[in-house]
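Worksheet: the structure to be examined is printed underneath.
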Amino acid sequence: MKEIQVGIIGFGTVGRGTAEVIYKQAERIAKRSGLKIVLKRVADIVSDTLPAHFGNVILAKDANDIFNDPDIDIVVELIGGTTIAKTFILQAIEKGKHVVTANKALLSIHGTEIFAAAAAKNVEVGFEASVGGGIPLIKALKEGLVANRIESIMGIMNGTGNYILTQMTDYGTPFAEVLKDAQEKGFAEADPTYDVEGIDTAHKLVILMTMAYGMHMRLEDVSCEGITAIQPIDIEFAKEFGYRIKLLAISRNHGDTVEARVHPTLVPEKHLLANINGAYNAIHFTGDMVEDVLLYGKGAGMMPTGSAVVADIVDIARNIDRQAINRVPSLSYLPDQFTSRGITPMESIRCPYYFRFSTVDKPGVLSKIAGVLGNNGISIESVIQKARKQKGSVPIVMRTYEACEADVTKALAEIENMDITIADTVKIRILVDEEE
Numbered sequence: 188m189k190e191i192q193v194g195i196i197g198f199g200t201v202g203r204g205t206a207e208v209i210y211k212q213a214e215r216i217a218k219r220s221g222l223k224i225v226l227k228r229v230a231d232i233v234s235d236t237l238p239a240h241f242g243n244v245i246l247a248k249d250a251n252d253i254f255n256d257p258d259i260d261i262v263v264e265l266i267g268g269t270t271i272a273k274t275f276i277l278q279a280i281e282k283g284k285h286v287v288t289a290n291k292a293l294l295s296i297h298g299t300e301i302f303a304a305a306a307a308k309n310v311e312v313g314f315e316a317s318v319g320g321g322i323p324l325i326k327a328l329k330e331g332l333v334a335n336r337i338e339s340i341m342g343i344m345n346g347t348g349n350y351i352l353t354q355m356t357d358y359g360t361p362f363a364e365v366l367k368d369a370q371e372k373g374f375a376e377a378d379p380t381y382d383v384e385g386i387d388t389a390h391k392l393v394i395l396m397t398m399a400y401g402m403h404m405r406l407e408d409v410s411c412e413g414i415t416a417i418q419p420i421d422i423e424f425a426k427e428f429g430y431r432i433k434l435l436a437i438s439r440n441h442g443d444t445v446e447a448r449v450h451p452t453l454v455p456e457k458h459l460l461a462n463i464n465g466a467y468n469a470i471h472f473t474g475d476m477v478e479d480v481l482l483y484g485k486g487a488g489m490m491p492t493g494s495a496v497v498a499d500i501v502d503i504a505r506n507i508d509r510q511a512i513n514r515v516p517s518l519s520y521l522p523d524q525f526t527s528r529g530i531t532p533m534e535s536i537r538c539p540y541y542f543r544f545s546t547v548d549k550p551g552v553l554s555k556i557a558g559v560l561g562n563n564g565i566s567i568e569s570v571i572q573k574a575r576k577q578k579g580s581v582p583i584v585m586r587t588y589e590a591c592e593a594d595v596t597k598a599l600a601e602i603e604n605m606d607i608t609i610a611d612t613v614k615i616r617i618l619v620d621e622e623e
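The sequence shown begins at 188 in the numbering used here and counts up by one.
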């Protein structure tokens with residue numbers, strides 16, 4: 188049986204998971220592929236030893252030991268970051284090695300350079316684990332949905348943010364307390380900025396949009412808002428309106444332009460995405476032929492992510508064996524078929540809105556706010572005004588009909604300059620359930 192030899196750079200959580208999957212599933216992989224996947228080397232600057240069952244694996248501190256090993260076919264980069272990781276991947280490609288990575292930040296920022304280098308050397312780059320952990324999203328776009336014009340991408344792509352919002356929804360716990368709990372349980376990093384500010388989700392959306400639309404995306408193309416301003420009171424009001432708050436990535440294909448946005452969203456309770464809870468991810472694609480597809484599962488973790496990394500290793504191994512390198516384009520579209528499209532300006536987005544105004548407790552406040560909204564073409568669908576104090580203010584909560592983002596921005600700026608408001612307005616966009 189032919190051997191395909193692998194080297195792993197980085198033996199942290201995902202590196203260990205990948206090694207364990209290779210070890211535990213060796214017989215199953217051989218039966219399905221006709222190949223023996225052999226982990227030959229691991230490079231890690233922290234580890235001094237490997238678990239006993241990896242006795243035949245060579246451990247080193249220097250990644251060059253992997254690049255310079257002529258027997259290694261596939262290099263797996265699992266150190267993260269966008270500097271050294273980029274250098275290692277380009278070095279591996281230059282040596283004619285195929286590459287597998289879970290590094291969404293690197294690909295969303297430097298993907299164009301990396302894929303061009305791989306094409307020049309006729310090697311493959313696998314990145315299934317970069318989006319959605321163990322969920323086979325990349326393969327779905329590259330192969331399962333190849334006959335479809337992708338009309339939209341929408342989903343929960345960050346387990347930490349979803350866990351926090353779920354805990355706030357189920358128990359009414361403030362954001363800061365839930366975040367601390369998530370950090371203690373290992374769901375959130377010591378510095379959670381990428382997760383709670385939507386940046387991690389934006390990285391993943393860049394990758395999916397690049398593949399779905401055949402266009403080179405940049406991270407700065409994505410409008411990004413996080414969940415740090417969400418309070419339990421907003422979740423309570425959302426429930427009264429029949430919604431749950433989720434951090435969503437949303438892209439809609441308008442032909443010449445595409446939407447690219449990440450932000451908290453009120454999702455109708457009956458919508459499938461409203462019921463994705465805890466640290467789980469779910470991504471919804473709409474194709475012109477297949478219509479609606481929802482993929483759901485664990486978006487992170489040692490074994491789920493390791494499973495996705497090994498799936499790429501096996502795919503590349505099969506192509507090596509059949510001498511069919513790049514049989515399926517890495518980014519779904521052939522390189523010469525990529526097109527330029529514009530990004531739909533956020534100012535032109537139209538959707539319903541949720542507003543929570545923090546106002547002084549005086550007569551006439553509601554009519555003044557309604558007047559400003561009306562003057563800017565924003566129609567109110569419903570209002571909740573209750574005598575519950577929020578840090579010295581009285582909340583007025585509104586749900587609007589569909590309105591233009593530019594008009595909303597202008598109206599809120601005018602309202603916040605009035606002497607009736609004492610804090611910034613909380614604005615959350617509402618997802619229109621197209622099944623209604």
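Using N, Cα and C, we set each Cβ at its ideal position, and we do this for glycine too.
*Can you tell me which of N251, L226, Q192 puts its alpha carbon nearest to the alpha carbon of H240?*
Position 53 of the sequence shown, counted from the start, is the residue given in the question as residue 240. When each option's Cα is compared against that of H240, the closest is L226.
*Could you check the C-alpha separation between G267 and E423 for me, to the nearest Å?*
Taking the sequence shown and counting its residues from 1, one reaches residue 267 at position 80. Taking the sequence shown and counting its residues from 1, one reaches residue 423 at position 236. Roughly 38 Å separates the two Cα atoms.
*Which stretch, first to last residue, makes up the alpha helix (DSSP H) that contains S554?*
Counting from one through the sequence shown, the residue named residue 554 turns up at place 367. From DSSP, the alpha helix (DSSP H) with S554 extends over 552-562.
*Who are the near neighbours of I232 in its chain, counting only those whose CB is closer than 7 Å to its CB and skipping five residues on each side?*
Along the sequence shown, one-based indexing puts residue 232 at 45. If we look at I232 and ignore the five residues flanking it on each side, its Cβ neighbours are K248.
_Where S569 falls: helix, strand or coil (DSSP)_ = Here residue 569 corresponds to residue number 382 of the sequence shown, with the count starting at 1. Three-state result, S569: strand.
*Are I386 and F472 close, meaning C-beta to C-beta below 8 Å?*
Position 199 of the sequence shown holds residue 386. Position 285 of the sequence shown holds residue 472. No, these two residues do not count as a Cβ contact at 8 Å.
*Using 10 angstroms around the beta-carbon of A436, count the other beta-carbons present and answer buried if the total reaches 16, otherwise exposed.*
Start at 1 with the first residue of the sequence shown, and residue 436 comes out as number 249. Buried, because 16 or more other Cβ atoms sit within 10 Å of the Cβ of A436.
*Assign K367 to one of two classes, buried (16 or more other C-beta atoms within 10 Å of its C-beta) or exposed (fewer than that).*
Position 180 of the sequence shown, counted from the start, is the residue given in the question as residue 367. The residue is exposed, with fewer than 16 neighbouring Cβ atoms inside 10 Å.
*Taking Cβ to Cβ, would you say V449 is nearer than 8 Å to A389?*
Mapped onto the sequence shown, residue 449 falls at position 262. Mapped onto the sequence shown, residue 389 falls at position 202. Closer than 8 Å, so yes.
*Do the segment 310-320 and the segment 389-400 touch if we need at least three Cβ pairs shorter than 8 Å?*
yes
*Using only alpha-carbon positions, find the residue among T270, A292, S295, E264 that is nearest to I280.*
For the purposes of this step, residue 280 is identified with residue 93 of the sequence shown, where counting begins at 1. Comparing Cα positions, the closest option is E264.
*Residue nearest to A369 in terms of C-alpha spacing, selected from L518, I351, M355, D382*: Along the sequence shown, one-based indexing puts residue 369 at 182. Closest option to A369, Cα to Cα, is I351.
*Which first and last residues belong to the beta strand (DSSP E) in which N468 is found?*
Stepping through the sequence shown from its first residue, residue 468 is reached at position 281. Here the beta strand (DSSP E) through N468 covers 467-474.
*Rounded to the nearest angstrom, how far is the Cβ of G194 from that of I253, given a contact under 8 Å?*
As a first step, residue 194 must be located in the sequence shown, where it is residue number 7. As a first step, residue 253 must be located in the sequence shown, where it is residue number 66. At roughly 4 Å, the Cβ-Cβ gap stays under 8 Å, so G194 and I253 are in contact.
*Determine the direct distance from the alpha carbon of M585 to that of E456, and round the result to whole angstroms.*
The count along the sequence shown starts at 1 and reaches residue 456 at position 269. The count along the sequence shown starts at 1 and reaches residue 585 at position 398. Those two C-alpha atoms are separated by around 18 Å.
*Please look up how many angstroms separate the CB atoms of I615 and T452, rounded, as I've assumed it's under 8 Å.*
Position 428 of the sequence shown, counting from 1, holds the residue named residue 615. Position 265 of the sequence shown, counting from 1, holds the residue named residue 452. Right, their Cβ atoms sit about 7 Å apart.
*Sheet register partners of G346 (DSSP bridge)*: Looking up residue 346 in the sequence shown gives position 159. In DSSP, G346 forms no bridge with anything.
*Taking C-alpha atoms, which residue in N468, R215, F428 lies nearest to S569?*
Position 382 of the sequence shown, counted from the start, is the residue given in the question as residue 569. Closest by alpha carbon: F428.
*Does DSSP put V409 in a helix, a strand or coil?*
Against the sequence shown, residue 409 aligns to sequence position 222. Of the three classes helix, strand and coil, the one that applies to V409 here is coil, per DSSP.
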